[in-house]
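J.:
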Amino acid sequence: MNDDINYCPNCGTKNLDKSSRFCGNCGFSFYSNKNYYRGQQYSKTIGEQAKDTFDGFVNKVNTMAGGSGQVELNLRDLVINVFQKHTIEERENIFICGTARTTPREEEISSEWPKPWLYSRVFMVFAVTFVILVSLLELFHNVNAYPGIIFIGALAVPFSLLVFFWEVNAPRNINIFDVTKIFFIGGVFSLLVTLMLDSMFSTGQLDYSSAILTGIIEEVGKIVVVAYFLRGTKEKYILNGLLLGAAVGAGFAVFETAGYGFRALIMANYSAMMSTIYLRGIFAFGSHIVWAAMSGAALVMAKKGNILKMDHIMSGQFLKFFIIAIMLHAIWDMPIDINSDIPFVQIMLTGIAWIIILVLISVGLKQISNKQKTFT
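Read in order, the letters of the sequence shown correspond to residues 1076 to 1451 in the working numbering.
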């Protein structure tokens, strides 16, 4: 045979005799089904190429983050506890994290992949509240429900995702009050900085160049505020940077979505408002929150536990991830026409962003593990 067939493409049995015309297990004809076999081989090659591309990207991000060795992306651990029943005591133990009495010592911090679940319950609370508010409006025509629909609709996904990052913060050194404070105040101030920059560099009508400018302006607006909250030495863990970056990004996303929802209501109608809330709620999963989170993590990596200085902001380790965040944001906003109602571009960008986030979580856990080795 011209082509060596190592495994039967029909049953998968290993082919021990390379000169054989038939599979010894199922009798599949290698010659008469040659085109089928080549198709199978081609498909396998495509799959292998996709895996190689994925692994190469993961390793590249890991290297950029200062990581080494094999990268473990345990996505299963991040959702496995969602489907299990949890007690009130478990919930309370999570909410008291980050206080002077409940923050673990460095040698006690777990470097295992976290198994968060509370974020799903928070989302369910928001979802039920949202459904009831919509019912009040549609069944009883009570216009007083409009503000609640807009705010809860804008809040549901970003704040739930923020709780996810809070649960992932293995050092348990930031309490829920501080996270909520940064969410609200950081979100508002990042919008303020963004609007100030936008007034100086008007983006105008959305096109490719204005999308790039918007990406730069909004990511700078967020990182200025993130940098303020990461300026000290307490926030020395990469996972701290992920959390505080996500807090500012979530606040930004909520207020922006609420604004767009209100604008859609007064300039169009109720249907336009609901479409805006749903669409931006779904897209919140892969936009402002994760972009700001990766920038925050990069800032912590750059300052290495020291007080934040301009040298850290201008360092290559930070700028590499910050530029990635800007690029993801810019491409997200670009008017790319793919002749489809499905937002493939945004879906792809969400996937890329979350691969980076997962790698940063992995590097953050290795940082904890390496610190613990100094205590042994």
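Backbone N, C-alpha and C fix where the C-beta goes; we use that ideal spot for every residue, glycine too.
Because the structure is a prediction, the values reported are computed rather than measured.
1) Going by beta-carbon coordinates alone, are Val1438 and Ile1313 separated by less than 8 Å?
2) Less than 8 Å between the CB atoms is what I'm expecting for Val1243 and Ala1359, so what's the real figure, rounded?
3) Quick check on Ser1285: does DSSP put it in helix, strand or coil?
4) Taking Val1157 as part of the alpha helix (DSSP H), name the residues at either end of that continuous run.
5) Does any residue of chain C bring its CB to less than 8 Å from the CB of Ile1341?
6) Within this structure, are the beta carbons of Ile1171 and Thr1177 separated by less than 8 Å?
7) Below 8 Å between beta carbons: does that hold for Ile1464 and Ala1333?
8) Hey, how far is the Cα of Thr1278 from the Cα of Thr1289?
9) Compute the Euclidean distance between the alpha carbons of Lys1190 and Ala1372, then round it to the nearest angstrom.
10) Would you mind working out which of Gln1159, Glu1187, Phe1103 and Asn1168 sits nearest Gln1442, comparing C-alpha positions?
11) Whose C-beta lies closer than 6 Å to the C-beta of Asp1408 among residues of the same chain, with five residues either side of it excluded?
12) Count the other CB atoms within 10 Å of the CB of Glu1164; is the residue buried (16 or more) or exposed (fewer)?
13) Looking at the structure shown, is Ser1104 part of a helix, part of a strand, or coil, going by DSSP?
14) For Phe1097, which of helix, strand or coil comes out of DSSP?
15) For Lys1311, which three-state DSSP category applies?
16) Indicate whether Leu1208 and Ala1220 have their beta-carbon atoms separated by less than 8 Å.
17) Mind checking Ile1432: buried by the 16 CB within 10 Å criterion, or exposed?
18) Under the three-state reduction of DSSP, which class applies to Met1389: helix, strand or coil?
19) Helix, strand or coil for Ala1328? Go by DSSP, reduced to three states.
20) Determine contact between the stretch 1399-1414 and the stretch 1148-1155, defined as no fewer than three beta-carbon pairs at a distance below 8 Å.
21) Helix, strand or coil for Gly1173? Go by DSSP, reduced to three states.
22) Tell me the DSSP secondary structure of Pro1189 in three-state form.
23) Below 7 Å CB to CB, which residues in the same chain sit around Asn1217 once its five sequence neighbours on both sides are set aside?
24) For Leu1150, name the three-state secondary structure that DSSP assigns.
25) So, with DSSP's three-state summary, where would you put Leu1236?
26) Considering Trp1256, what are the terminal residues of the alpha helix (DSSP H) in which it resides?
27) Classify Ile1417 as buried or exposed, calling it buried when 16 or more other Cβ atoms lie within 10 Å of its own Cβ.
28) Return helix, strand or coil for Ser1444, following the three-state DSSP convention.
29) Return the first residue and the last residue of the alpha helix (DSSP H) that Lys1378 is part of.
30) Flag this pair as yes or no: are the beta carbons of Ser1265 and Gly1326 separated by less than 8 Å?
31) If you follow the alpha helix (DSSP H) that Leu1305 is in, where does it begin and where does it stop?
32) Looking at the unbroken alpha helix (DSSP H) that takes in Ser1277, where does it start and where does it end?
33) Less than 7 Å between C-beta atoms, sequence neighbours within five positions excluded: which residues of the same chain meet that for Gly1307?
T.: Reading from the atomic positions:
1) On the sequence shown, position 363 is the one that residue 1438 refers to. On the sequence shown, position 238 is the one that residue 1313 refers to. Taking 8 Å as the Cβ cut-off, Val1438 and Ile1313 qualify as a contacting pair.
2) As a working mapping, residue 1243 is identified with position 168 in the sequence shown. As a working mapping, residue 1359 is identified with position 284 in the sequence shown. Actually they do not touch by this definition, with Cβ atoms about 17 Å apart.
3) Taking the first residue of the sequence shown as position 1, residue 1285 is located at position 210. Helix.
4) Taking the first residue of the sequence shown as 1, we reach residue 1157 at position 82. Element bounds for Val1157: n/a, residue is neither H nor E.
5) Structure shown: chain C not included; a single protein chain is present.
6) Residue mapping note: residue 1171 aligns to position 96 of the sequence shown, counting from 1. Residue mapping note: residue 1177 aligns to position 102 of the sequence shown, counting from 1. For Ile1171 and Thr1177, yes; Cβs fall inside 8 Å.
7) Any answer about residue 1464 is impossible in this case: the structure gives the chain only from 1076 up to 1451.
8) Here the question's residue 1278 lines up with position 203 in the sequence shown. Here the question's residue 1289 lines up with position 214 in the sequence shown. Approximately 6 Å, taken between the alpha carbons.
9) To locate residue 1190, count along the sequence shown from 1; it is residue 115. To locate residue 1372, count along the sequence shown from 1; it is residue 297. Straight across, the Cα-Cα distance linking Lys1190 with Ala1372 is about 20 Å.
10) To locate residue 1442, count along the sequence shown from 1; it is residue 367. Minimum Cα distance to Gln1442 is reached at Glu1187.
11) Against the sequence shown, residue 1408 aligns to sequence position 333. Cβ neighbours of Asp1408 beyond the five flanking positions: Ala1286 and Thr1289.
12) As a first step, residue 1164 is located in the sequence shown; it is residue number 89 there, counting from the start. Classification of Glu1164: exposed, given that the 10 Å Cβ count is below 16.
13) Taking the sequence shown and counting its residues from 1, one reaches residue 1104 at position 29. In the structure shown, Ser1104 sits in a strand (DSSP, three-state: E or B).
14) Position 22 of the sequence shown, counted from the first residue, corresponds to residue 1097. Strand, per DSSP.
15) In the sequence shown, residue 1311 corresponds to position 236, counting from 1. Three-state DSSP puts Lys1311 in coil, outside helix and strand.
16) Position 133 of the sequence shown, counting from 1, holds the residue named residue 1208. Position 145 of the sequence shown, counting from 1, holds the residue named residue 1220. The Cβ atoms of Leu1208 and Ala1220 sit closer than 8 Å to each other.
17) Walking along the sequence shown from the start, residue 1432 turns up at place 357. With at least 16 other beta carbons inside 10 angstroms of its own, Ile1432 counts as buried.
18) Residue numbering aside, residue 1389 sits at position 314 when the sequence shown is read from its first letter. Here Met1389 sits in coil by DSSP.
19) The residue labelled residue 1328 in the question sits at position 253 within the sequence shown. Reduced to three states, the DSSP call for Ala1328 is helix.
20) no
21) By 1-based counting over the sequence shown, the position of residue 1173 is 98. If DSSP states are grouped into helix, strand and coil, Gly1173 belongs with coil.
22) Numbered from its first residue, the sequence shown carries residue 1189 at position 114. Secondary structure of Pro1189 (DSSP, three-state): coil.
23) For the purposes of this step, residue 1217 is taken as the residue at position 142 of the sequence shown. Closer than 7 Å at Cβ, skipping near neighbours: Leu1211.
24) If you number the sequence shown from 1, residue 1150 lands on position 75. Helix.
25) By 1-based counting over the sequence shown, the position of residue 1236 is 161. Looking at Leu1236 - three-state DSSP - the assignment turns out to be helix.
26) Position 181 of the sequence shown, counted from the first residue, corresponds to residue 1256. The question names Trp, yet the displayed sequence has Lys at residue 1256. Taken as a continuous stretch (DSSP letters only), the alpha helix (DSSP H) holding Lys1256 covers Ile1251 to Lys1256.
27) Counted from its first residue, the sequence shown places residue 1417 at position 342. The residue is exposed, with fewer than 16 neighbouring Cβ atoms inside 10 Å.
28) Position 369 of the sequence shown holds residue 1444. Helix, per DSSP.
29) For the purposes of this step, residue 1378 is taken as the residue at position 303 of the sequence shown. Lys1378 -> alpha helix (DSSP H) spans His1363 to Lys1378.
30) Looking up residue 1265 in the sequence shown gives position 190. Looking up residue 1326 in the sequence shown gives position 251. In this structure, Gly1326 lies closer than 8 Å to Ser1265 by Cβ.
31) Residue mapping note: residue 1305 aligns to position 230 of the sequence shown, counting from 1. Per DSSP, Leu1305 lies in no alpha helix (DSSP H) segment and is marked neither H nor E.
32) Along the sequence shown, read from residue 1 onward, the residue named residue 1277 stands at position 202. From DSSP, Ser1277 is part of no alpha helix (DSSP H); its letter is neither H nor E.
33) Stepping through the sequence shown from its first residue, residue 1307 is reached at position 232. Non-local beta-carbon contacts of Gly1307 in its own chain, meaning distances under 7 Å to residues more than five positions away in sequence, involve Ile1382 in chain order.
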